[in-house]
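Undergrad: In terms of the numbering used here, the sequence shown opens at residue 5 and continues consecutively.
Starting off with a structure, shown below.
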Amino acid sequence: MIRLPGFSPQFDSIQQFILTLTHVVWEQKDIGQLADFYSNPVVFMTPEKQLSDLSQFMRLTLEAMHSFPQRSVLTEDILCSHSQELEHYAAQRTVACIQHQGEGFFGPPTGKTVWVRTWADRLCADGAVRQEWLLQDRAAIAAQIGLDVREFAHGLAQTRRELGLEVESAEQIDARWAGGPEGDDVEGPLAGVVERYLTMWAGGNSGIVPELYHPAATLHGPGHCACTGAQEISAWLSGYRASFADSETRLHHLIVRKDANEPIRISLRWSLLTWHDGYGKFGAPTRRPIAINGISQLELRDGLIIREYLGIDELAIWSQIFN
């Protein structure tokens, strides 16, 4: 009996479908089977590009495999929801151990071992992934192989100018991160958590952190960093707030899970349309318009965030600053 309508009988849950996809493609390196898991055309988005042709997606996957052929991919969580139209939305978070052994986007091979976290929101229907929003902590990769993220982004921007490539506006980047179903509705205390979280990014209000985070909270952030406690988390976030004080936050998708024997888990896909208008984490202000695309996965205890996995591609932010 097919327990997941529209999908192969081998899959009895959307989680199993996503886990099999991850294993077959990224650990068995069977790139050809991408066609078994993804529709064609497929809408594939990152903070820096949008693709619609499956062959383009396969090429990018091959390039990533060439640079980092040895990898072990561990799925930390998959938060799922579904609609009456039999669409399934899966927010996957993985952490991978990869080895830089091939020439590619990050330059000549260094042989170094890297830990990197990746977030993938996927809209699945009729047995395949129809849309995917992919966010990887590329700043963590750059730092662990010995690159200065700021200098690397400056070099990428200079190369784009030399090649005469079109530079997207912040509005275009922000709009690309939208789309998909509306997501879960929340009310009461959970709605308050979501609202305060988005307000924290939009308003630059450092005072909101103690009201939002558990005293023993841990934030796993970009650049493979980890902060513990509200004071340390607030200090880290202040680097962003100082750089981008005047911001508008948009929530694009929300999942809330209340599974037995698990903390309440929330996954948010969101974006920030802002200006680089202050001295902070991203250096001297340039007044350039900036779009920040984010995926945040939160675990709650007593109505407060006890653990956060914050997905932001800081290399994409630096690239916009230098474009």
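Don't be surprised by glycine CBs; every beta carbon is placed ideally from N, CA and C.
Remember, it's a predicted structure, so these values are computed and weren't measured experimentally.
#1: Excluding five sequence neighbours on each side, which residues of the same chain lie with their C-beta closer than 6 Å to the C-beta of ILE310?
#2: On a CA-only basis, which of SER43, LEU83, MET62 and ILE177 is nearest PRO267? Give me that one, please.
#3: Leaving out the 5 sequence neighbours to the left and right, which residues in its chain are closer than 8 Å to ASP188 when beta-carbon positions are compared?
#4: Where does ALA147 land, buried or exposed, given buried means 16+ other C-beta within 10 angstroms?
#5: Reducing DSSP to helix, strand and coil, say where ARG292 ends up.
#6: Pair every Cβ in the region 22-34 with every Cβ in the region 60-79, then say whether three or more of these pairs are closer than 8 Å.
#7: Reducing DSSP to helix, strand and coil, say where PHE48 ends up.
#8: Give the DSSP-derived three-state secondary structure of TYR283 in the structure shown.
#9: Counting along the chain, where does the beta strand (DSSP E) carrying THR232 start and finish?
#10: Using only the alpha-carbon positions, how far apart do GLY184 and GLN103 sit?
#11: Please determine, among ILE270, LEU277, GLU236 and GLY225, the residue with the shortest C-alpha to C-alpha distance to ASP250.
#12: If the criterion is Cβ atoms closer than 7 Å, does the pair ALA94 and ILE22 meet it?
#13: From the DSSP output, which residues share a beta bridge with ILE102?
#14: So, is ASN265 buried or exposed, given that buried needs 16 or more other C-beta atoms within 10 angstroms?
#15: Which residue spans inside the region 214-267 form an unbroken alpha helix (DSSP H) run of at least 4?
#16: Is PRO9 closer than 7 Å to LEU127 when the C-beta atoms are compared?
#17: Let me make sure I understand the geometry here. Which of THR232, LEU138 and PHE110 has the alpha-carbon closest to that of GLN54?
#18: Output the boundary residues of the alpha helix (DSSP H) element that contains THR145.
#19: Just mark GLU136 as buried or exposed, buried being the case when its beta carbon has 16 or more other beta carbons within 10 Å.
#20: With respect to 6 Å, is the separation between the Cβ of GLU107 and the closest non-hydrogen atom of the ligand MN below this value?
#21: Whether or not the region 35-45 and the region 144-159 are in contact is what I'm after, with contact meaning three or more pairs of Cβ atoms, one per stretch, closer than 8 Å; do they touch?
#22: Given a threshold of 16 other Cβ atoms within 10 Å of its Cβ, counted over all protein chains shown, does SER271 qualify as buried or as exposed?
#23: I'd like the span of the beta strand (DSSP E) that includes LEU314, first residue to last.
#24: Excluding the 5 residues flanking ASP317 on each side, which residues of the same chain have their C-beta closer than 8 Å to its C-beta?
#25: Starting from GLY159 and walking both ways along the alpha helix (DSSP H), at which residues does that stretch end?
#26: Any contact between the region 159-176 and the region 287-295? By contact I mean 3 or more CB pairs, one from each, below 8 Å.
#27: Enumerate in chain order the residues of its own chain whose CB-to-CB distance from MET5 is below 7 Å, with the five nearest sequence positions on each side excluded.
#28: So who's on the other strand from ALA124, going by DSSP bridges?
#29: Could you check how far apart the C-beta atoms of GLN301 and ASP81 are, in whole angstroms? I think they sit under 8 Å.
#30: Give the straight-line distance between the Cα atoms of PHE286 and PHE72, rounded to the nearest whole angstrom.
#31: Just how far apart, CA to CA, sit MET69 and GLY106?
#32: For VAL190, which of helix, strand or coil comes out of DSSP?
#33: Grab the span of the alpha helix (DSSP H) containing ASP40 for me, first residue to last.
#34: Exposed or buried, which one is THR98 when buried takes at least 16 other CB atoms within 10 Å?
#35: Just how far apart, CA to CA, sit ILE321 and LEU194?
TA: According to the data block:
#1: HIS218, ALA221 and GLU303
#2: LEU83
#3: SER85, LEU258, ILE259 and VAL260
#4: buried
#5: coil
#6: yes
#7: strand
#8: coil
#9: 229-232
#10: 34 Å
#11: LEU277
#12: yes
#13: ARG75 and VAL118
#14: exposed
#15: 234-247
#16: no
#17: LEU138
#18: Residue identity check: residue 145 is Ile in the sequence provided, not Thr. Looking at the DSSP string, the run of the alpha helix (DSSP H) that includes ILE145 is 142-148.
#19: buried
#20: In the structure shown, the ligand MN is absent, as is every other ligand, since no ligand is present at all.
#21: no
#22: buried
#23: 308-316
#24: THR50, PRO51, GLU52, LEU139, GLN140, ASP141, ARG142, ALA143, PRO226 and ASN297
#25: 153-167
#26: yes
#27: Because the pLDDT at MET5 is just 38, under 50, the model does not fix this residue reliably, and the value given afterwards should be weighed accordingly. Counting only Cβ-Cβ distances below 7 Å, and skipping sequence neighbours, we find nothing.
#28: GLN96 and LEU138
#29: 7 Å
#30: 28 Å
#31: 9 Å
#32: coil
#33: 38-41
#34: buried
#35: 30 Å
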